[in-house]
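One structure is given below, encoded as structure tokens.
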Amino acid sequence: MDEADRELLNEIQWTFPLVVRPFDAIAEKFDTTPDVIKERMIRLKGEGVLRQLSAIFDTRRLGYTSSLVAMEIEHDKLEHVAGQINRHPGVSHNYERNHKFNLWFTLAVPPGSDLKAELAKFDVLDGIKSTRMLPTLQLFKIGVKLDMVDDKKHEIKPSEVKKDVKNVEFVPDERDKEFIRQLQKDLEITDEPFARAAASLGVTQDEMFAKMRHYEEIGVMRRFAAILRHRQAGFMANGMIVWKVPEERISKVGQTLGSFPQVSHCYERPTYPDWPYNVFSMIHCKTQDEAREMAGVIQKQIHVDDYMILFSSREFKKTRVEYFVENSFTLEVPA
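Residue numbering for the sequence shown follows the working numbering, starting at 65 and increasing by one per position.
This is how it looks when you write it as structure tokens:
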């Protein structure tokens, strides 16, 4: 990637134009032509750096229930167990991490489903020694943006302002579900890439953009943006920093962590006798040394001494949950 690629990727990770000809708007911003922008994006897709251009929805606002799950798996059974868990359509991220709990995945189930019952389906798999459900108790931040341009990297300090959304009740009806099914699809890199979705929905593109802006205003859609593959983009150290925070400080520490530009996710999660860490934050760095250094800088500002970084050593699955799409799920269990 050259500097122009990196500048482009920085831009479209956070602000993708919701207009009929978005690549024209991007080209104008970069003082180039739409064809140049499209050619770059097609190449970056082909190289695996650009994974998807789509709406990013809030799982909970759609009525889905989800949880992070940590499992302790016998080492020689890890790949098989991970492969079977990956078959579940509600599993979007699945990693091996450097800890006794060596398999970490997220599981989401649609409205009306029982998350615990769904998780219990994995109990038949051989090699699982223990399972810990770690659902979100408080959400402080979710929003990945990889800083691609070195000379534009943010200083490591809590400087971001949390985005305001209207706190209104949202229960998706069948029409909402039709919109969501279309908007979660990967956008084609063509002159008018939204035209096909609008035609499928039987609305004009402007009507579709109005609906998208409404979803964003009420927090149902986080944003419409580019999603990158971290490793292909050069971010090899995917570090989950877990903090043991005194109960009375959890909200304050979580809010502060969420305002660091380098932190992509931040949650409060439950503890167990063998897992005392209650605040989770994600950082993405090029090396583990860089991640450790960043964690140290953050620690000095939040004043929490007991923390640990768990790096992902293998990525078994990384995708997006497909909302309101029927998918069958079966396990392969040896007789």
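For every residue, glycine included, the Cβ atom is placed at its ideal position computed from N, Cα and C.
Close beta carbons around residue i, own chain, < 6 angstroms, minus the five adjacent residues each side
i      : result
His163 : Leu374
Val208 : Ser328
Pro340 : Lys308
Pro222 : Thr320, Ser323 and Phe324
Ile90  : Ile101
Phe258 : Gln269
Lys193 : Glu136
Glu224 : Ser323 and Pro325
Lys241 : Phe388
Contacts around residue i, its chain only, beta-carbon distance under 8 angstroms, and the 5 residues preceding and following it disregarded
i      : result
Leu142 : Glu160, Asn166, Leu167 and Gly191
Leu183 : Ser131, Val133, Leu171, Thr195 and Met197
Glu354 : Ala301
Ala359 : Gly303, Ile305, Ile347, Tyr371 and Ile373
Residues bridged to residue i [DSSP beta-bridge criterion]
i      : result
Trp307 : Val343 and Tyr371
Ala290 : Leu117
Arg104 : In DSSP, Arg104 forms no bridge with anything.
Phe169 : Val133 and Asn158
Leu198 : Leu132
His348 : Asn302
Glu379 : Tyr159
Ile206 : His329
Met285 : Phe121
Tyr336 : Trp339
Ile192 : Ile137
Cβ-Cβ separation, residue j to residue i (assumed contact under 8 angstroms), whole Å
i      : j      : result
Ile305 : Ile347 : 6 angstroms
Lys382 : Ile253 : Contact flag wrong, Cβ pair sits at about 21 angstroms.
Arg151 : Leu321 : Actually they are not in contact, since the Cβ atoms of Arg151 and Leu321 sit about 34 angstroms apart, beyond 8 angstroms.
Phe243 : Leu265 : 6 angstroms
Tyr128 : Pro199 : In fact, because the Cβ distance is near 12 angstroms, the residues do not count as touching under 8 angstroms.
Val361 : Ile220 : 5 angstroms
Met276 : Ala262 : 11 angstroms between Cβ atoms; not a contact.
Val389 : Arg245 : 6 angstroms
Ser118 : Asp250 : 6 angstroms
Phe121 : Met285 : 6 angstroms
Arg107 : Arg293 : Between Arg293 and Arg107 the Cβ distance is about 14 angstroms, and since that is not below 8 angstroms, they are no contact.
Val385 : Thr123 : 7 angstroms
Buried or exposed (CB count within 10 angstroms, at least 16 for buried), residue i
i      : result
Met372 : exposed
Thr268 : exposed
Arg104 : buried
Arg333 : buried
Pro86  : buried
Ser345 : buried
His139 : exposed
Ala289 : buried
Val133 : buried
Ser156 : buried
Gly318 : buried
Thr97  : exposed
Gln248 : buried
Ala274 : exposed
Tyr387 : buried
Ala68  : exposed
Top-ranked residue by Cα proximity to residue i, from the options
i      : options                           : result
Lys350 : Gln296, Glu386 and Pro337         : Gln296
Ser392 : Gly154, Ile120, Pro81 and Ile90   : Gly154
Val368 : Tyr387, Glu386 and Val343         : Val343
Glu311 : Ala263, Leu201, Lys364 and Lys275 : Leu201
Ile314 : Pro337, Phe273 and Leu203         : Leu203
Glu238 : Leu126, Leu179 and Thr195         : Leu126
Met300 : Gln352, Ile76, Asp338 and Gly112  : Gln352
Pro81  : Pro337, Arg293, Arg287 and Ala359 : Arg287
Lys109 : Met65, Glu357, Tyr336 and Val145  : Met65
Val145 : Val173, Lys180, Phe186 and Leu179 : Phe186
Close beta carbons around residue i, own chain, < 7 angstroms, minus the five adjacent residues each side
i      : result
Lys205 : Gly322, Val327, His329 and Cys330
Ser376 : Tyr159, Glu160, Arg161 and Asn302
Gln148 : Leu189, Leu395 and Glu396
Val213 : Arg70, Glu71 and Asn74
Ile282 : Val229, Lys230, Val232 and Phe234
Glu379 : Tyr159
Tyr279 : Met285
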